[in-house]
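Numbering (the numbering used here), first residue to last: 2 to 466.
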């Protein structure tokens, strides 16, 4: 397959998506002939900067390839690391293209607006003509979690249910799951009352409350909700007034209930998943990937810390094919959400010959394919084999940006026989096409599935004595 003059050839092709072009392979082949050094840097809150040194061709005949390569790189860095400022260092032509692309009226207007909202700063693309003047990298991870002392509330906010645990000295003494519908409810009081109800249940099961840890889908900065699909239907004015500080307000209510100030720590659920994996494995360099309604990702680094990166890889590109499936939310193509979530299963069901009820919800469609897989239906087998091929190639891409010793795979898509097959095929692809990449890809054991997330969430705050 030829993409802007770059040949992308792989041995392991997903049977149900033969035009899939792994972004890692496109990048690898592109760089074989690219000799002009440039750098891309992204800046986020607190002056933290991630720098990526690379190469382009810098010739008129490869201009489209150069622009496509850098666009995909900028996109990946923004959603992996986060940032409100992008520096293009060492090439004027690429800078001009990125400046126009990541603008209010450009092809990446969604990303422009999203990052502006997350960081509450104007988004900009900056030209650094001289490569020697590129910004210096400034990375800083945060030691968080693994605190098991005292009486703690662990709260996990999911899209279909909310879970809470009372944890005393690292041991869950109470756990409860409550079905709720946060994504379709426009009233922020519905969300607040649900959160507070769960926390109060846990508080009543302990002699005291020393800390509250929250695992929640979305992007959180300083315990404030910046963007979260849980509050998708809440109008902006109500979001700003009642959602941004929703967990801080809940902690205040618990503090009033127990008679003293209770510390709270709110962290993206992907990072809490990775933290739970690191605690369970007693190791570091853990990438956690949860495949469910979307693709939730978290990372614990070599020091056992959370990085503060966004890790929103659902919206980072994985497929270099210019005609790849479009994500309806961001308007971009080839992003992880269409490959590593229930959307990926549904997408592949049709070419597999599986007819799904058009009136069914995405979760119901996933269950239908899973039911076929449990019966070893050959059509469902092809779906999960193709997902495994996607994953094997994409883990090679993720390894370009993360040091990964362990990759923990979980979520509804990874349950049952289908998940086992995805893991098996992904490992085969890694071994066959990327033998230089050494990582332990696995699913969680039963203990972690049962209590790992709640204990990890509860362990987030440090109790200052």
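Built from N, CA and C at the ideal position, the CB exists for glycine as well.
Residue 329 is classed as exposed because its beta carbon has fewer than 16 other beta carbons within 10 Å across all chains shown. Taking a cut-off of 8 Å on C-beta distances, the segment 425-434 does not touch the segment 300-309, as fewer than three cross pairs fall below it. Counting C-beta atoms within 10 angstroms of its own C-beta, residue 209 has fewer than 16 neighbours from the protein chains shown and is therefore classed as exposed. Annotation for residue 248: the continuous alpha helix (DSSP H) segment containing it runs 247-259. In the DSSP annotation of this structure, the continuous segment of the beta strand (DSSP E) that includes residue 38 starts and ends at 37-44.
Residue 163 is bridged by DSSP to 158 and 179. In the structure shown, the three-state DSSP call for residue 377 is coil.
The beta-carbon distance between residue 42 and residue 52, rounded to whole angstroms, is 5 Å. This is short enough to meet the 8 Å contact definition. Under the three-state reduction of DSSP output, residue 75 falls in the helix class. If you draw a straight line from the Cα of residue 249 to the Cα of residue 47, it comes to about 21 Å. For residue 117, the closest C-alpha among the options 75, 141, 85 and 100 is that of 85. DSSP places residue 97 in the uninterrupted alpha helix (DSSP H) bounded by 93-102. Per DSSP, reduced to three states, the secondary structure at residue 363 is helical.
If you look at residue 225, you'll find it in the beta strand (DSSP E) that goes 225-228. Membership of residue 292 in the beta strand (DSSP E) is indicated by the continuous run 287-292. Residue 322 carries a coil assignment under DSSP once its states are collapsed to helix, strand and coil.
With contact defined as three or more Cβ pairs closer than 8 Å, the segment 280-298 and the segment 402-411 are in contact. A distance below 7 Å between beta-carbons, with the five flanking residues on each side excluded, links residue 146 to the following residues of its chain, in chain order: 276, 457, 460 and 461. Listed in chain order, the non-local C-beta contacts of residue 294 below 6 Å within the same chain comprise 160, local neighbours out to five positions each way being set aside.
The residue among 299, 465 and 56 with its C-alpha nearest the C-alpha of residue 74 is 56.
Note that the C-beta distance between residue 423 and residue 385 is below 7 Å.
Straight through space, the alpha carbons of residue 348 and residue 6 are spaced by roughly 28 Å. Using a Cβ-Cβ distance cut-off of 8 Å, the segment 297-305 and the segment 228-243 are not in contact, since fewer than three pairs of beta carbons, one from each stretch, lie closer than that value. DSSP places residue 443 in the strand class (E or B) of the three-state scheme. For residue 418, the CB contacts under 7 Å within the same chain, skipping 5 residues up- and downstream, are 374 and 375 in chain order.
Shown here for residue 282: same chain residues with a beta carbon closer than 7 Å to its own, the five before and five after excluded, namely 407 in chain order. Around residue 259, the same chain offers 204, 209 and 210 as residues with beta carbons nearer than 8 Å, after the five sequence neighbours per side are excluded. In this structure, residue 338 lies away from residue 395, with their beta-carbon atoms at least 7 Å apart. Going by DSSP, residue 214 is part of the beta strand (DSSP E) stretching over 212-217. If you draw a straight line from the Cα of residue 199 to the Cα of residue 165, it comes to about 6 Å. CA-to-CA, the gap between residue 181 and residue 196 works out to about 10 Å. In the DSSP assignment, residue 266 falls within the unbroken beta strand (DSSP E) covering 265-269. The bridge partners DSSP lists for residue 51 are 43. The continuous alpha helix (DSSP H) containing residue 28 extends over residues 24-34.
Contact between residue 229 and residue 212 is absent: CB atoms are separated by about 22 Å, not below the 8 Å threshold. Just measuring C-alpha positions, the residue of 464, 322, 364 and 350 sitting nearest residue 66 is 322.
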